[in-house]
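K.L.:
Residue numbers (the working numbering), protein chains in the order written: chain A, 113 to 193; chain B, 2 to 129; chain C, 8 to 255. Please see the structure below; I have some questions.
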Amino acid sequence: MGTALNLALIVLLLTTAILAVTARDLLAAVIIFSVYSLIMALMWQRLQAPDLALTEAAVGAGVTTVLFVVTIFKTRRREEE
Amino acid sequence: MRLLHNYHYVAAMVLFCIGLYTVIVRRNIVKKLIGLNIMETSVFFFFISLGYLDGGMAPIRVGKADPSRMVNPLPQALILTGIVVAVSVTALALSLVILLYRQYGTLDVDRLMREEEQSETAEREERG
Amino acid sequence: MKRTVSLLFIAALAALLLYVVANMPPMGDPANPTATHVIPRYLENAEEETHTENVITGIILNYRGYDTMGEVTVIFCALAAVLAVLGRERRGAIEGFVDRSEVVSSTIVRTMVRFMVPFILLFSLYTIFHGESSPGGGFQGGAIIGGSMIVFTTIFGLAESSRRVPQRIRAALEGAAVMGFFLVGALGLLGGGEFLTYAWPKVAPGLQPSLVVWLTILVEVGIGLGGAMVLTSILFAMIREEEIATAS
Chain A
113 MGTALNLALI VLLLTTAILA VTARDLLAAV IIFSVYSLIM ALMWQRLQAP DLALTEAAVG
173 AGVTTVLFVV TIFKTRRREE E
Chain B
2 MRLLHNYHYV AAMVLFCIGL YTVIVRRNIV KKLIGLNIME TSVFFFFISL GYLDGGMAPI
62 RVGKADPSRM VNPLPQALIL TGIVVAVSVT ALALSLVILL YRQYGTLDVD RLMREEEQSE
122 TAEREERG
Chain C
8 MKRTVSLLFI AALAALLLYV VANMPPMGDP ANPTATHVIP RYLENAEEET HTENVITGII
68 LNYRGYDTMG EVTVIFCALA AVLAVLGRER RGAIEGFVDR SEVVSSTIVR TMVRFMVPFI
128 LLFSLYTIFH GESSPGGGFQ GGAIIGGSMI VFTTIFGLAE SSRRVPQRIR AALEGAAVMG
188 FFLVGALGLL GGGEFLTYAW PKVAPGLQPS LVVWLTILVE VGIGLGGAMV LTSILFAMIR
248 EEEIATAS
C-alpha cells in the first residue's frame, strides 16, 4: 500500500516535471511547476519530513510560483520561436 | 535488484537530468529557471530519501517516541536551509530577468547574445 | 548539433548517476552508514541539550547555528540585491506610481479574502510559536505570512497593501531580525559557550530550561517576521512599475 502510493507520487512528479518543461505557454509551465512542488510536499510528508513539507507547500507552491507569475506578467507569456 | 529497491534515488536522478536538460537546451530564460528549480528539488528529494528509515517516524520527540525509530533529522535541517537559499536565488534571478527584458525586450538567450554582440561592435566602430 | 551533444552529455551523466545509485546501500535500512554515525547522538541528546522536542529545530537553532546564520544572511543579501537591481522604494513615493495590478475584483472575492487573511495569519503564528515542539518554525511561519500578503496584494492592489505594511516597518523588522539573530547568537559566545547555544557557562551555569525555550522562540519569531518582511519586500519590488523613476 505504502509503496504503491509512493510509486504513484513519483510517476506524478515525473509527469509534471516533463509537462512543465515542455509546455510552450510559460504561464501554464509555471502553474504545472507549482503542482509539481505540491506533489513534492506530499512526497516529503510520506518520507516523514513534515517540516520540509510545510516549507515546500508555502515556499515552493506559493511564493516561488507567484514570483514567476509576476515576472511573466512583466515580460511575455509565449516562448519565442 | 538494488535499483528497483532504491526507486526514490532513481526518480531523483531522472528529475535532475530533466532539469539539467531544460537548463542546457531550452532558450527561454524563464524555462531555464524552472529547470533550475526542478534540479534543486531533485537534490533535496535525494537527500531526504537518504535519511529515510523503514517504518521510521518524524524526528519529533513527543510522548513515548523512540529515538532509534526516527528518520535522520540532519538532512532535513540542511535541506530546510537549502529551500530558503533556493527561493532567494530564484527571486534574484527573476528580478534580473525583468531587468533584461526592460533592456533588450526579449527572453531568448540566443537573441540576447546577438543584441549584446551588436551593441559591442557598434561601440567599437564608434570608438575606432 | 548543439542539441545532440547536450543530449549525449545528459545521457552519459544519467548512466553514471544510475550506476552510482545501483551501488548504494538499500534505502531505509537501519544499518546504513547515514543512520549509524552522528545521528543517534543527535536523536538521543537533543531534548536534554537543546530543550526542543522537534529535533530539526534543535539542529537548526542550536547545533548548527552557523548554518542558519548563513541562511539569514543569504535572504537578507537576496533582498538587498533585488532592490539594487529593480530600484529602491522611496519613502512616501508609493502613492505616486502607476499600479497596473489594481484590477477591481468582485465583492465576493474581496469579502472572502478579508475573512481569510486573519486566519492565515493566526495559523502562521501557531507555526512560529510551536516550532520547537511540532512541525514548523520561524521560516515556515514567515513564508505563510508572506503568502497571506501575496493573497491580499493580488486582490486589493499594491497601494492598499503597502499602506498596511509600510516600507519603514518592513525595513525596521528586516534589520531587527538579522541584528537580533546575531546578538542572541553572540551572547552564547560572550557567555563562554558556543554560537547560538543558549548555554552560558561563565555567566549562568545551568540556565533554566524554560529560559532556553523562550530564547529559542524569540529567535524563531525574529526569523519568521524578518523572513515574511523580506518576501513581502521582494514581491513589492517586483510588482512595482518603473514609471516612478521618470515621474519624479
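Glycine residues also receive a C-beta, built at the ideal position from the N, C-alpha and C atoms.
Roughly how many angstroms separate the alpha carbons of B/Gly57 and A/Leu159, rounded to a whole number?
P.N.:
As a first step, residue 57 of chain B is located in the second sequence; it is residue number 56 there, counting from the start. As a first step, residue 159 of chain A is located in the first sequence; it is residue number 47 there, counting from the start. Approximately 9 Å, taken between the alpha carbons.
K.L.:
Does any residue of chain A have a CB that is nearer than 7 Å to the CB of C/Gln147?
P.N.:
Along the third sequence, read from residue 1 onward, the residue named residue 147 of chain C stands at position 140. Yes, C/Gln147 counts as interfacial toward chain A.
K.L.:
Starting from the C-beta of C/Ala252, find all residues in its chain whose C-beta is less than 7 Å away, skip the five residues before and the five after it, and write them out in chain order.
P.N.:
As a position in the third sequence, residue 252 of chain C is number 245, starting the count at 1. Only weak support is given to the placement of C/Ala252: the predicted model assigns it a pLDDT of 42, under 50, and the value that follows is read from those uncertain coordinates. So the qualifying residues of the chain are Gly94.
K.L.:
With 16 other CB atoms within 10 Å as the buried threshold, where does C/Ala22 fall?
P.N.:
Translated into positions along the third sequence, residue 22 of chain C becomes position 15. So C/Ala22 counts as exposed.
K.L.:
Should the segment 56-69 of chain C be regarded as contacting the segment 39-46 of chain C, the criterion being three or more beta carbon pairs within less than 8 Å?
P.N.:
Segments in contact, no.
K.L.:
Is there a Cβ of chain B sitting closer than 7 Å to that of A/Val133, yes or no?
P.N.:
Position 21 of the first sequence, counted from the start, is the residue given in the question as residue 133 of chain A. Yes, because at least one Cβ of chain B sits closer than 7 Å to the Cβ of A/Val133.
K.L.:
If C/Ser13 sits next to B/Val26, beta carbons under 8 Å apart, how far is it from one beta carbon to the other, in whole angstroms?
P.N.:
Within the third sequence, residue 13 of chain C is the residue found at index 6, counting from 1. Within the second sequence, residue 26 of chain B is the residue found at index 25, counting from 1. C/Ser13 to B/Val26, Cβ: 5 Å. Contact.
K.L.:
Spatial neighbours of A/Thr127 within its chain, please: C-beta separation below 7 Å, excluding the five flanking residues on both sides.
P.N.:
Taking the first residue of the first sequence as position 1, residue 127 of chain A is located at position 15. Within the same chain, A/Thr127 has no close Cβ partners at all.
K.L.:
Who are the neighbours of A/Thr183 on chain C, taking C-beta pairs under 9 Å?
P.N.:
What you label residue 183 of chain A is simply residue 71 of the first sequence in a count that begins at 1. Simply Met245.
K.L.:
Express the C-alpha separation of C/Phe189 and A/Asn118 in angstroms, rounding to a whole number.
P.N.:
By 1-based counting over the first sequence, the position of residue 118 of chain A is 6. By 1-based counting over the third sequence, the position of residue 189 of chain C is 182. C-alpha separation (whole angstroms): 41 Å.
K.L.:
Within a Cβ cutoff of 6 Å, which residues of the same chain sit near C/Gly234, ignoring the five residues on either side of it in sequence?
P.N.:
As a first step, residue 234 of chain C must be located in the third sequence, where it is residue number 227. Answer for C/Gly234: Phe146, Gly149, listed in chain order.
K.L.:
Pick helix, strand or coil for C/Asp36, following the three-state DSSP scheme.
P.N.:
Numbered from its first residue, the third sequence carries residue 36 of chain C at position 29. Note: C/Asp36 maps to coil in three-state DSSP.
K.L.:
Roughly how many whole angstroms lie between the Cα atoms of B/Ala12 and B/Gly52?
P.N.:
In the second sequence, counting from the first residue as 1, residue 12 of chain B sits at position 11. In the second sequence, counting from the first residue as 1, residue 52 of chain B sits at position 51. Spanning the two alpha carbons is a distance of roughly 16 Å.
K.L.:
Across the segment 67-74 of chain C and the segment 234-247 of chain C, are there enough close Cβ pairs to call them in contact, namely three or more that are closer than 8 Å?
P.N.:
The segment 67-74 of chain C is not in contact with the segment 234-247 of chain C.
K.L.:
Using 7 Å as the limit for Cβ to Cβ distance, is A/Val171 near chain B?
P.N.:
Looking up residue 171 of chain A in the first sequence gives position 59. At least one chain B Cβ lies under 7 Å of A/Val171.
K.L.:
Considering only residues of the same chain and omitting the five flanking positions on each side of C/Glu102, which have a CB-CB separation below 7 Å?
P.N.:
Residue 102 of chain C sits at position 95 when you count from the first residue of the third sequence. In this prediction, C/Glu102 scores a pLDDT of 44, lower than 50, which makes its location untrustworthy; no coordinate-derived value is stated.
K.L.:
Cutting at 7 Å between CB atoms, please list the residues of its own chain near B/Gln119, excluding the five before and the five after it.
P.N.:
Here residue 119 of chain B corresponds to residue number 118 of the second sequence, with the count starting at 1. Contacts found: none.
K.L.:
In the DSSP assignment, find the alpha helix (DSSP H) that holds B/Pro76 and state where it starts and stops.
P.N.:
Along the second sequence, read from residue 1 onward, the residue named residue 76 of chain B stands at position 75. Its alpha helix (DSSP H) spans residues 74-105.
K.L.:
Taking only beta-carbon atoms, is A/Ile143 less than 7 Å away from chain B?
P.N.:
Indexing the first sequence from 1 puts residue 143 of chain A at position 31. Judged by the 7 Å Cβ criterion, A/Ile143 is not in contact with chain B.
K.L.:
So, using beta-carbon positions, are C/Ile162 and C/Ser112 closer together than 7 Å?
P.N.:
As a working note, residue 162 of chain C is residue 155 in the third sequence. As a working note, residue 112 of chain C is residue 105 in the third sequence. Going by C-beta atoms, C/Ile162 is nearer than 7 Å to C/Ser112.
K.L.:
Going by DSSP, what residues sit across from B/Leu54 in a beta bridge?
P.N.:
If you number the second sequence from 1, residue 54 of chain B lands on position 53. According to DSSP, B/Leu54 bridges with C/Gly35.
K.L.:
Are any of the Cβ atoms in chain B nearer than 7 Å to that of A/Ala129?
P.N.:
Here residue 129 of chain A refers to the residue found at position 17 of the first sequence. Chain B, which has a Cβ nearer than 7 Å to the Cβ of A/Ala129, makes this yes.
K.L.:
If you draw a straight line from the C-alpha of C/Val92 to the C-alpha of C/Thr57, how long is it?
P.N.:
Position 85 of the third sequence, counted from the first residue, corresponds to residue 92 of chain C. Position 50 of the third sequence, counted from the first residue, corresponds to residue 57 of chain C. For C/Val92 and C/Thr57, the distance between alpha carbons rounds to 40 Å.
K.L.:
Using three-state DSSP, classify C/Asn30 as helix, strand or coil.
P.N.:
Reading the third sequence from its first residue, position 23 is the one you call residue 30 of chain C. Reduced to three states, the DSSP call for C/Asn30 is coil.
K.L.:
Among the candidates B/Ala92, B/Tyr105, B/His9, B/His6, whose CA atom is the shortest distance from the CA of B/Glu117?
P.N.:
Indexing the second sequence from 1 puts residue 117 of chain B at position 116. When each option's Cα is compared against that of B/Glu117, the closest is B/Tyr105.
K.L.:
Going by alpha carbons, who is nearest to C/Arg177 out of C/Val220, C/Ala87, C/Met34, C/Ala42?
P.N.:
For the purposes of this step, residue 177 of chain C is identified with residue 170 of the third sequence, where counting begins at 1. Per the Cα distances, C/Ala87.
K.L.:
To the nearest whole angstrom, what separates the beta carbons of B/Val31 and A/Leu179, a pair I think is in contact under 8 Å?
P.N.:
Position 30 of the second sequence, counting from 1, holds the residue named residue 31 of chain B. Position 67 of the first sequence, counting from 1, holds the residue named residue 179 of chain A. Not really, about 11 Å apart at Cβ, beyond 8 Å.
K.L.:
Could you pull out every residue in the same chain whose Cβ sits closer than 8 Å to the Cβ of B/Asn68, ignoring the five residues on either side in sequence?
P.N.:
Position 67 of the second sequence, counting from 1, holds the residue named residue 68 of chain B. Here residue 68 of chain B is Pro; the residue named in the question, Asn, does not match the sequence. Taken in chain order, the residues that qualify are Arg62.
K.L.:
Thinking C/Thr204 and C/Asn69 are a contact (beta carbons under 8 Å), I'd like their distance in whole angstroms, please.
P.N.:
Position 197 of the third sequence, counting from 1, holds the residue named residue 204 of chain C. Position 62 of the third sequence, counting from 1, holds the residue named residue 69 of chain C. Yes, C/Thr204 and C/Asn69 are in contact; Cβ-Cβ is about 6 Å, under 8 Å.
K.L.:
Secondary structure at C/Asn61, three-state DSSP: helix, strand or coil?
P.N.:
In the third sequence, counting from the first residue as 1, residue 61 of chain C sits at position 54. C/Asn61 falls in the strand class under three-state DSSP.
K.L.:
Between C/Asn52 and chain B, is there a C-beta pair that is closer than 7 Å?
P.N.:
As a working mapping, residue 52 of chain C is identified with position 45 in the third sequence. Closer than 7 Å: no.
K.L.:
Around the Cβ of C/Asn310, are there at least 16 other Cβ atoms within 10 angstroms (buried) or fewer (exposed)?
P.N.:
Residue 310 of chain C falls outside the range modelled here, since chain C spans only 8 to 255, and no answer is possible.
K.L.:
Among all the DSSP beta bridges, which residues are the ones paired with B/Met71?
P.N.:
On the second sequence, position 70 is the one that residue 71 of chain B refers to. Answer by DSSP bridge pairing, in chain order: B/Met58.
K.L.:
Could you work out which residues of chain A lie near B/Met58, taking near to mean beta carbons separated by less than 9 Å?
P.N.:
Residue numbering aside, residue 58 of chain B sits at position 57 when the second sequence is read from its first letter. Under the 9 Å cutoff, chain A gives Gln160.
K.L.:
Residues bridged to A/Arg190 by DSSP?
P.N.:
In the first sequence, counting from the first residue as 1, residue 190 of chain A sits at position 78. A/Arg190 is bridged to A/Asp137.
K.L.:
In angstroms, rounded to a whole number, what distance separates the CA positions of B/Glu41 and C/Ser140?
P.N.:
Walking along the second sequence from the start, residue 41 of chain B turns up at place 40. Walking along the third sequence from the start, residue 140 of chain C turns up at place 133. C-alpha separation (whole angstroms): 28 Å.
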